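Novice: Protein chains in written order, with our numbering: chain A, 580 to 868; chain B, 582 to 832; chain C, 6 to 339. By construction, the Cβ of each residue, glycine as well, lies at the ideal position given by its N, Cα and C atoms. Values in this document were obtained by computation on a predicted structure and should not be read as measured data. Below you'll find the structure I mean.
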Amino acid sequence: MEFDLLINAIIAGLMLGGFYAAVTAGISISFGMLDIVNIAHPGFIILGSYIAYIVNVHFGVDPILIAIVALPAFYALGSIIYQVYYQSFEKHGQDSLRGLAFFFGLLFVTEVALNLVFGVDYRTVEVPYIGGSLSIGAMEFPVRMLVPCLVSVAMFGGLILFMSRTFIGRAVMAVSQDPQALQLMAVDPIRIKRIAFSISIATASMAGAFLITIQPVIPSSGREYIGRVFAICVLGGLGSLPGTLIAAFMIGVIESITSTFYGPSWAPAVSFGLLLLTLAVRPSGLFGR
Amino acid sequence: MTDAATMTEPLLHIEQLGKRFGGFIALDGVDLSVPKGQRLGLIGPNGSGKSTLVNCICGTLQNETGSVTFDGIKVDGMVAHQRTRQGLARSFQLPRPFRSMTVAENVRVPLLYTVNARSHPHLSESELDDRCMELLKLVTLDAKAAKYTTDLTQVEMRKLELARAMAAEPKLLIADESMAGLSHSEVEDIVALLIRMNERGVTIIMIEHIMRAVMTFSQRLVVLVSGKKIADGDPQDVIQNKEVVGAYLGQ
Amino acid sequence: MRTPAFILILTAVAAALYFAFSYVGNDYLFFAGYTVLQYIVLATAWNILGGYCGYVNFGSAGFFAIGVYTTVFLYTVGQQIEDLVPEFMLAPMQLIFPLPLPVMIMVAGVVAGFIGLGMGYLTLRLRGVFFAIATLALTVVLETFIVNWSFVGGSRGAYVIPPNEVPIFGHFINFLFVLMLVLVILALTTARLIERSKLGVGFATIRDDELAAEASGVPTLRLKLVATVVSGALMGMAGAPFPFYIGYVEPASAFNLSYAVNSIAMPMIGGTTSWIGPLVGALLLGTLQQVATVTISSAVNLLIVGLLLIFFVIIAPRGIVGLVQDQLRKRSKT
Ligand SMILES: Nc1ncnc2c1ncn2[C@@H]1O[C@H](COP(=O)(O)OP(=O)(O)OP(=O)(O)O)[C@@H](O)[C@H]1O
Ligand SMILES: [Mg+2]
Numbered sequence: 580m581e582f583d584l585l586i587n588a589i590i591a592g593l594m595l596g597g598f599y600a601a602v603t604a605g606i607s608i609s610f611g612m613l614d615i616v617n618i619a620h621p622g623f624i625i626l627g628s629y630i631a632y633i634v635n636v637h638f639g640v641d642p643i644l645i646a647i648v649a650l651p652a653f654y655a656l657g658s659i660i661y662q663v664y665y666q667s668f669e670k671h672g673q674d675s676l677r678g679l680a681f682f683f684g685l686l687f688v689t690e691v692a693l694n695l696v697f698g699v700d701y702r703t704v705e706v707p708y709i710g711g712s713l714s715i716g717a718m719e720f721p722v723r724m725l726v727p728c729l730v731s732v733a734m735f736g737g738l739i740l741f742m743s744r745t746f747i748g749r750a751v752m753a754v755s756q757d758p759q760a761l762q763l764m765a766v767d768p769i770r771i772k773r774i775a776f777s778i779s780i781a782t783a784s785m786a787g788a789f790l791i792t793i794q795p796v797i798p799s800s801g802r803e804y805i806g807r808v809f810a811i812c813v814l815g816g817l818g819s820l821p822g823t824l825i826a827a828f829m830i831g832v833i834e835s836i837t838s839t840f841y842g843p844s845w846a847p848a849v850s851f852g853l854l855l856l857t858l859a860v861r862p863s864g865l866f867g868r
Numbered sequence: 582m583t584d585a586a587t588m589t590e591p592l593l594h595i596e597q598l599g600k601r602f603g604g605f606i607a608l609d610g611v612d613l614s615v616p617k618g619q620r621l622g623l624i625g626p627n628g629s630g631k632s633t634l635v636n637c638i639c640g641t642l643q644n645e646t647g648s649v650t651f652d653g654i655k656v657d658g659m660v661a662h663q664r665t666r667q668g669l670a671r672s673f674q675l676p677r678p679f680r681s682m683t684v685a686e687n688v689r690v691p692l693l694y695t696v697n698a699r700s701h702p703h704l705s706e707s708e709l710d711d712r713c714m715e716l717l718k719l720v721t722l723d724a725k726a727a728k729y730t731t732d733l734t735q736v737e738m739r740k741l742e743l744a745r746a747m748a749a750e751p752k753l754l755i756a757d758e759s760m761a762g763l764s765h766s767e768v769e770d771i772v773a774l775l776i777r778m779n780e781r782g783v784t785i786i787m788i789e790h791i792m793r794a795v796m797t798f799s800q801r802l803v804v805l806v807s808g809k810k811i812a813d814g815d816p817q818d819v820i821q822n823k824e825v826v827g828a829y830l831g832q
Numbered sequence: 006m007r008t009p010a011f012i013l014i015l016t017a018v019a020a021a022l023y024f025a026f027s028y029v030g031n032d033y034l035f036f037a038g039y040t041v042l043q044y045i046v047l048a049t050a051w052n053i054l055g056g057y058c059g060y061v062n063f064g065s066a067g068f069f070a071i072g073v074y075t076t077v078f079l080y081t082v083g084q085q086i087e088d089l090v091p092e093f094m095l096a097p098m099q100l101i102f103p104l105p106l107p108v109m110i111m112v113a114g115v116v117a118g119f120i121g122l123g124m125g126y127l128t129l130r131l132r133g134v135f136f137a138i139a140t141l142a143l144t145v146v147l148e149t150f151i152v153n154w155s156f157v158g159g160s161r162g163a164y165v166i167p168p169n170e171v172p173i174f175g176h177f178i179n180f181l182f183v184l185m186l187v188l189v190i191l192a193l194t195t196a197r198l199i200e201r202s203k204l205g206v207g208f209a210t211i212r213d214d215e216l217a218a219e220a221s222g223v224p225t226l227r228l229k230l231v232a233t234v235v236s237g238a239l240m241g242m243a244g245a246p247f248p249f250y251i252g253y254v255e256p257a258s259a260f261n262l263s264y265a266v267n268s269i270a271m272p273m274i275g276g277t278t279s280w281i282g283p284l285v286g287a288l289l290l291g292t293l294q295q296v297a298t299v300t301i302s303s304a305v306n307l308l309i310v311g312l313l314l315i316f317f318v319i320i321a322p323r324g325i326v327g328l329v330q331d332q333l334r335k336r337s338k339t
């Protein structure tokens, strides 16, 4: 019995980890590669959840499909935010304090605004596959977890390919290492950063849909992801997408085992504890250089 | 090198200093020994590792291999401010002023945190003010004492860098390209200033691209190329060294 | 102005405020005033690390809650002293417990200061953003522990019953109000002392350029630790009387994100470079929220705080104090 419990905890953790990968993708790009500490990201994820929720409630569309349709809107939102951030903070350099406060304000405003519009009740979506589950022997795969996990990993794979194969992707990687080199390539680093940041916000649309597929959402749900995404991002090594993916699975499994064996109320502390530990012992991350 | 210089213990002694950035080797086993009172010129093409060497000596960066001994003490385990208090001061190649402070307040910082940390009794308020003005006069910034550093030109910021480094009353001063962008006469002024400081007993390492300044200043010249020391000795000999000429023409 | 004179003036203002409120004789004034005062302490404390050193602490709610739960812990120990202590120790322990609130406040300051020290030691060597992220994490770790710690009430929460009357002050809320006034004086005096000392210069160099600070001989790590400890301790002290103020504490109210937001927003809006900024910001925003909570909803007033924060960091980077200074400078030039 213990063993089955462990196996199922690991499976649940892997699926959770796949979902965490989508949640962290945006931060991995904005914080890891662009050095923009977008702590508002979880707020945008919840925004994505609520968009999926409204459309789903009114038209019954699959939340993940909604998220894909909403991608351009999130991309545009990202462009706008980057423009404001660049004009107000980045251009002048130095003042990361205000930049942080800016994103903190955005996070807070998003949450409170959602609160005002939707109230503090839990919201869920209706999808046919919610509730179903595949089982292989003693192993259980709840579909509401499995689908987000698979789509998330696919999205993450796409991002990795994009960053390593396309010109823009390589330029983003270059920006994170050496902005001067980019200028030599006659590429405008600001444009590259804007594109990358917009992509990072666009991933929030997807992550939001996954989130509300997996569990009911309230406006403050985003908070518990703030520390978690940074934990994964730092653990995986800043700017390394493959590292982030592995770290996401790790955190997922560790959290799942913790809540299976010690109770769910301890789970949140796990990733945060790991984050503190990583920062203290090895800030370059497990897979960092 | 004179016999007297080799006899006395060196002020700065570096052995097999190595530093990498990711896979890139910025310093590749550099050895260097600087006797007390020397005026050393350090040259090398762009990106050859000069600033990295300064950073490792002063503790701004941590070297991976090798060791740094200063004034008879191994300083490898010390963080930057401890080395500064030992008497190791440097200017930054890209000026790093304290932006929320005036020019005079900038110079006060090393007086408060280095000079006062070493000496008892502490400098009084009026002594602090006098010292600041003295230092600023040396670099002809006294007229700008009350200005904020955001109002300074690039050249003035370089001078401030130098004044702030000197304020720490160092035994060894490392000036990292303090003269870029300065006019002909300003370069001469700064060289003269550094020579004057040297005559007061401060050992100086000067990193510079302006050869005229280097040749006037240096008693000894060291050349760094791709993180390796390729020449070291009398300035006149060094600049005729084939390898050195090759390195400069090759770039 | 010398520090004793400064303290004297603050005390006079505090006394005037207290007597004015007593004269009106409305308890609501004390309740609302207490909250505003509490924000002054939080904002001033945050600014010592955030404004002076440039290290953003998102964990104000965590430090506040450390204070809150120190009180809950000490109070509970006092309540259950017979069950907790062996027979022979009971008599001496009963002399100590129940602890008077001012002592609890001091203990809370020490506990919060130590936790600040521990966290700072782990993360302050790193870039500033890592510290900021770690403070976010700290809050959640602490909250998880509290939720799982049944002695202080766990997720159910805990009741702390204030006495109805206290000598001299009458209503207990009057007493709490005065305690908070004392904390405000303490916080403002500390901030102002730091600002004008060598320590303040050191903090400013850290905010401006840490490498240059080290090169000038400033022991940056040690100074950052000092700032974290002082700031954390003041926040903890601000939280300590809270259980008596509210009567019933649960993790969600002690760790409320609005403490984190307000203690960042108030200095940012008031101005971060001097002690006046957080004071102005807290007075303004704190009062505004008290009014808005009554007249509109509390969600709307939090929205206003968030929007003001964003607005100010973009438009007026040096806060209200900076705006006023610029105006004065302009006027003196013409
Ligand atoms: N923090 C860093 N991370 C990665 N690479 C670095 C870093 N600092 C320096 N480098 C690289 O190390 C090499 C040596 O740099 P360094 O600044 O020491 O050269 P330098 O001799 O001072 O050049 P210059 O004459 O232009 O000042 C350069 O190729 C530079 O790109
Ligand atoms: Mg250089």
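Can you list, in chain order, the residues of its chain whose CB lies under 6 Å from that of Ala786/A, leaving out five sequence neighbours each side?
Specialist: Ala601, Val602 and Ile624
Novice: Residues in the segment 303 to 334 of chain C with C-beta within 8 Å of chain A's C-beta atoms, listed in sequence order?
Specialist: Ala304, Val305, Leu307, Leu308, Val310, Gly311, Leu312, Leu314, Ile315, Val318, Ile319 and Pro322
Novice: Identify, in the order they occur along the chain, each residue of the same chain with its Cβ nearer than 8 Å to the Cβ of Tyr708/A, setting aside the five sequence neighbours on each side.
Specialist: These residues qualify, in order along the chain: Val722, Arg723 and Val726.
Novice: Leaving out the 5 sequence neighbours to the left and right, which residues in its chain are closer than 6 Å to Ser675/A when beta-carbon positions are compared?
Specialist: Spatial neighbours of Ser675/A in its own chain (CB-CB distance under 6 Å, excluding positions within 5 residues in sequence) are not present.
Novice: I'd like to know if Asn617/A contacts chain C, where contact means its C-beta is closer than 7 Å to some C-beta of that chain.
Specialist: no
Novice: How big is the Cα-Cα spacing for Ala824/B and Leu634/B?
Specialist: A quick correction: the sequence has Glu, not Ala, at residue 824/B. Taking the straight line from one Cα to the other gives about 21 Å.
Novice: So which of Asp614/A, Asn617/A, Pro821/A and Pro642/A has the shortest CA-CA distance to Gly627/A?
Specialist: Pro642/A
Novice: List the residues of chain C that Asn694/A touches, going by C-beta distances under 7 Å, in chain order.
Specialist: Ala304
Novice: Cβ of Leu623/B within 7 Å of Cβ of Lys631/B?
Specialist: Remark: C-beta atoms of Leu623/B and Lys631/B approach each other more closely than 7 Å.
Novice: Closest by CA to Ala304/C, which one among Val696/A, Ile830/A, Gly684/A and Thr837/A?
Specialist: Val696/A
Novice: Who are the near neighbours of His703/B in its chain, counting only those whose CB is closer than 7 Å to its CB and skipping five residues on each side?
Specialist: Only Asn697 meet the Cβ criterion.
Novice: Output needed for Phe78/C: all residues of its chain with C-beta closer than 6 Å, excluding positions within five of it in sequence on either side, in chain order.
Specialist: Val157
Novice: Val740/B by DSSP, collapsed to three states: which one?
Specialist: Looking at the sequence itself, residue 740/B is Lys, so the reference to Val does not match. The answer is helix: DSSP assigns Lys740/B an H, G or I state.
Novice: If you measure from the beta carbon of Ala217/C to each beta carbon in chain B, is any gap under 7 Å?
Specialist: yes
Novice: Do the segment 822 to 833 of chain A and the segment 159 to 178 of chain C meet, that is, are 3 or more Cβ pairs less than 8 Å apart?
Specialist: They do not touch, by the three-pair rule.
Novice: By the criterion of Cβ-Cβ separation under 7 Å, what are the contact partners of Asn153/C in chain E?
Specialist: Absence of chain E from the displayed structure is noted, the protein chains being A, B and C.
Novice: Shorter than 6 Å, the distance from the beta carbon of Ala753/A to the closest heavy atom of ligand 1, or not?
Specialist: no
Novice: For Gly205/C, which residues of its own chain have a beta-carbon under 6 Å away from its beta-carbon, when the five flanking residues on both sides are left out?
Specialist: Ile199
Novice: What's the call for Ser610/A, buried or exposed, on a 16-neighbour Cβ count within 10 Å?
Specialist: According to the sequence provided, residue 610/A is Phe. The question's Ser does not apply to it. Answer is buried; the Cβ neighbour count reaches 16.
Novice: Does DSSP classify Ile811/B as helix, strand or coil?
Specialist: strand
Novice: For Glu715/B, tell me which candidate among Leu692/B, Leu733/B and Thr734/B has the shortest Cα-Cα distance.
Specialist: Leu692/B
Novice: Is Met792/B buried or exposed, if buried means 16 or more other CB atoms sit within 10 Å of its CB?
Specialist: exposed
Novice: Tell me whether Lys728/B counts as near ligand 2, meaning its Cβ is closer than 6 Å to at least one heavy atom of that ligand.
Specialist: no
Novice: For the segment 664 to 710 of chain A, which segments carrying the alpha helix (DSSP H) assignment without a break, of at least 4 residues, lie completely within its bounds, in sequence order?
Specialist: 675 to 697
Novice: Between the alpha carbons of Leu754/B and Thr857/A, how many angstroms are there, rounded?
Specialist: 38 Å
Novice: What would DSSP say about Arg783/B, mapped onto helix, strand or coil?
Specialist: Position check: residue 783/B holds Val in this sequence, whereas Arg was assumed. Val783/B falls in the coil class under three-state DSSP.
Novice: If the cut-off is 8 Å on Cβ atoms, which residues from the segment 184 to 218 of chain C count as contacting chain B, listed in chain order?
Specialist: Lys203, Val206, Gly207, Ala209, Thr210, Arg212, Asp213, Asp214, Leu216, Ala217 and Ala218
Novice: With a threshold of 7 Å between beta-carbons, can Val223/C be considered close to chain B, or not?
Specialist: yes
Novice: What do you get for Asp331/C, buried or exposed, if any count of 16 or more other CB atoms within 10 angstroms of its CB means buried?
Specialist: With fewer than 16 other beta carbons inside 10 angstroms of its own, Asp331/C counts as exposed.
Novice: Curious, which full-length beta strand (DSSP E) runs of at least 3 residues does the segment 634 to 711 of chain B contain?
Specialist: 646 to 651 and 669 to 671
Novice: Could you give the C-beta distance for Ala810/A and Ser850/A, rounded to a whole number, given that I count them as a contact under 8 Å?
Specialist: 4 Å
Novice: Could you tell me which chain C residues have their CB closer than 9 Å to the CB of His701/B, listed as they occur along the chain?
Specialist: In chain order: nothing, as chain C lies at least about 15 Å away.
Novice: Expressed to the nearest angstrom, what Euclidean distance is found between the alpha-carbon atoms of Met760/B and Ile771/B?
Specialist: 8 Å
Novice: Can you tell me where the beta strand (DSSP E) holding Met718/A begins and where it ends?
Specialist: Met718 to Pro721
Novice: Between the alpha carbons of Val754/A and Leu584/A, how many angstroms are there, rounded?
Specialist: Their Cα atoms are separated by approximately 45 Å.
Novice: Going by the beta-carbon positions, is the gap between Met242/C and Ala163/C smaller than 7 Å?
Specialist: no
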